[in-house]
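Worksheet: the structure to be examined is printed underneath.
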Amino acid sequence: MNKERAQWGTRAGFIFAAVGSAIGLGNIWRFPSVAYENGGGAFFLPYLFALLTAGIPLLILEFTIGQKYRSSAPLSYFKIRKGAEWLGWWQVIVSFIIATYYAVILAWSLSYAYFSLNTSWGDDTEGYLFSSFLKVLPGENAGQIGSIVPNVFFPLLIVWVLALAILFAGVKKGIERANRVFIPLLVIMFGIIVIRAITLDNATAGLQAFFAPDWSQLTNGKVWVAAYSQIFFSLSIAFGIMITYASYLPKKTDITNNAFITGFANSGFELLAGIGVFATLGFMAGQLGVGVNEVVSGGIGLAFVVFPQIINEIPTWPGLFGFLFFASLFLAGMTSLISIAEVFISGFQEKFGISRRKSVAFGAGTAAVISILYATQGGLYIFDTVDRFINQYGVALAGLVEIIFIAWIARELSALQNHANSMSDIRLGAWWKICLGLITPIVLGFMMIQTFTTDLQSNYEGYPTSLIMTAGWGLSIAAVLIGVLFTRFKWKGIHSSIPQSPN
Ligand code: PHE
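Counting with my numbering, you get residues 58 to 560 for the letters of the sequence shown.
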């Protein structure tokens, strides 16, 4: 790989890509229910606090690392300290694992978008998941695999063909172009949903439920932890993604302002999703004659069980509403999937000195094959387990290690601050170092201890121990070990013009 490093065509292109990564399924199905359950309107306080003390500071940190070292995550850490390379590979493996199941949720969305246009949703809502469409095994059979489900498998093929085509085309011609089209399209489509949703009967009841502040929740530590973990996941931090994307920035560019724009754009979309989802839930509660609290759910249940039920009831053009909703999920997820795949594609490229195309074919190709495991009847429970563990003991834990390493072991914060300040509009002050050196590690450390004790006490979702041991703990530990294994290979593709670490 002796060619020039790939580069974004424009500043807006980079911002679109970073925003595209940040806006994902988490914005649409995670944020609304998390906010509702953690104080409603009062949640905005811890949420904003987490955004300003951890989200944006970390985004600035990762943008600066990527832009300064102009390398994939593992090579960036390697350049800071040789011994830290494993941390980058850990994030690479975690990204790889996430890509394998994230693609399957996109396949579900694609399936549902298609059903919305072509099928009238019957009354049997639970049935869409378990019998008629996705044929998921009933909960008591969690842990079994069952057979491959065509309604998931074929859309999954489409998902990967599209993702591979975008990735093959490169950073500027593929990723940048796709985001420039997908993100505005997503905002328009989702905007239509929100407008439709707030004009439905009883929408205000939903919005009231969403925004009603429960101030007493603010003294509850769990609420603050929920705010931090939402911000973390939602901004795609500690996945290695933002380091990778920033490594394609030009040598002179703004960093800090870009991070603020990305952070606020993502939160803005989150708020929009909260309004759209809760207006719709208010409508549904009205139809059923129950309180909004009885119809609230998050995650897969919200998107694939509750929403189809609502679509059924929408008076005009229910198919269009359903299509826009699932197509939005698909677009939001596709731009995130591409970003997460780029983490391992860039890592493999530099480590093994192979071309981008080979790396895409090998990396994303392997992820595609493995993802078939989740296109089975038992796939839902496997990915639910993997998702939970890999987010906690992959993303969040690696984030904690990353921040401790940068702030306290390599003591790089001042150097990075100077680097960012030398080219950005907004100058970083002492607050940035305090947020990263103290506040974030303390909150993250507290979060880790809390989840770890919960997970030791009981099986997540009551799933069978065999599933928890393999797809949960087993895979989380394997991610670190495989990461360490990668450091055994020599760097074959390091660009000669990149200065090596002074250390
Ligand atoms: N920010 C993404 C979201 O909100 C998180 C994510 C990014 C997940 C990339 C997977 C891959 O959904």
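All residues carry an ideal CB built from backbone N, CA and C; glycine is no exception.
Residue pairing of I205 in beta bridges, as defined by DSSP: T433. Per DSSP, reduced to three states, the secondary structure at G81 is coil, with no helix or strand assignment.
Relative to the ligand PHE, the nearest heavy atom lies less than 7 Å away from the CB of F296.
With a threshold of 7 Å, the Cβ atom of G358 does not count as near the ligand PHE, since no heavy atom of the ligand is closer than that. In this structure, the beta-carbon distance from I368 to F361 does not fall below 8 Å. Annotation: the continuous alpha helix (DSSP H) that includes Y171 extends over E142 to N175. Distances between the C-beta of A79 and the heavy atoms of the ligand PHE include at least one below 7 Å.
One thing to note: G456 has its Cβ within 8 Å of the Cβ of L501.
In the same chain as Q449, and ignoring 5 residues on each side of it, the C-beta atoms closer than 6 Å to its own belong to T508, in chain order. If you compare the alpha carbons of G331, V216 and R127 with that of R87, the shortest gap goes to G331. For L292, the closest alpha carbon among the candidates K308, R62, G81 and A342 is that of G81. The three-state reading of DSSP puts G66 in coil, since its state is none of H, G, I, E or B.
Closest option to E469, judged by alpha-carbon separation, among W489, F101 and I250: W489. Q514 counts as exposed, since fewer than 16 other C-beta atoms from the protein chains shown sit within 10 angstroms of its C-beta.
Out of V452, A170, P372 and T511, the CA that lies nearest to the CA of I154 is found in V452.
Counting of Cβ neighbours within 10 angstroms places G263 among the buried residues, the total reaching 16 or more. For the ligand PHE, no non-hydrogen atom lies closer than 7 Å to the CB of N236.
In this structure, F290 has its beta carbon less than 7 Å from a heavy atom of the ligand PHE. With contacts defined by Cβ atoms closer than 8 Å, A336 and L257 form a contacting pair. Between L213 and A164, the CB-CB gap stays under 8 Å.
Separation of the CB atoms of V443 and Y158 is rounded to 6 Å, and the pair is thereby assigned contact status at 8 Å. Between the ligand PHE and I397, a heavy atom-to-CB distance of less than 7 Å is present. Pairing T392 with R62, the inter-Cα distance amounts to about 22 Å.
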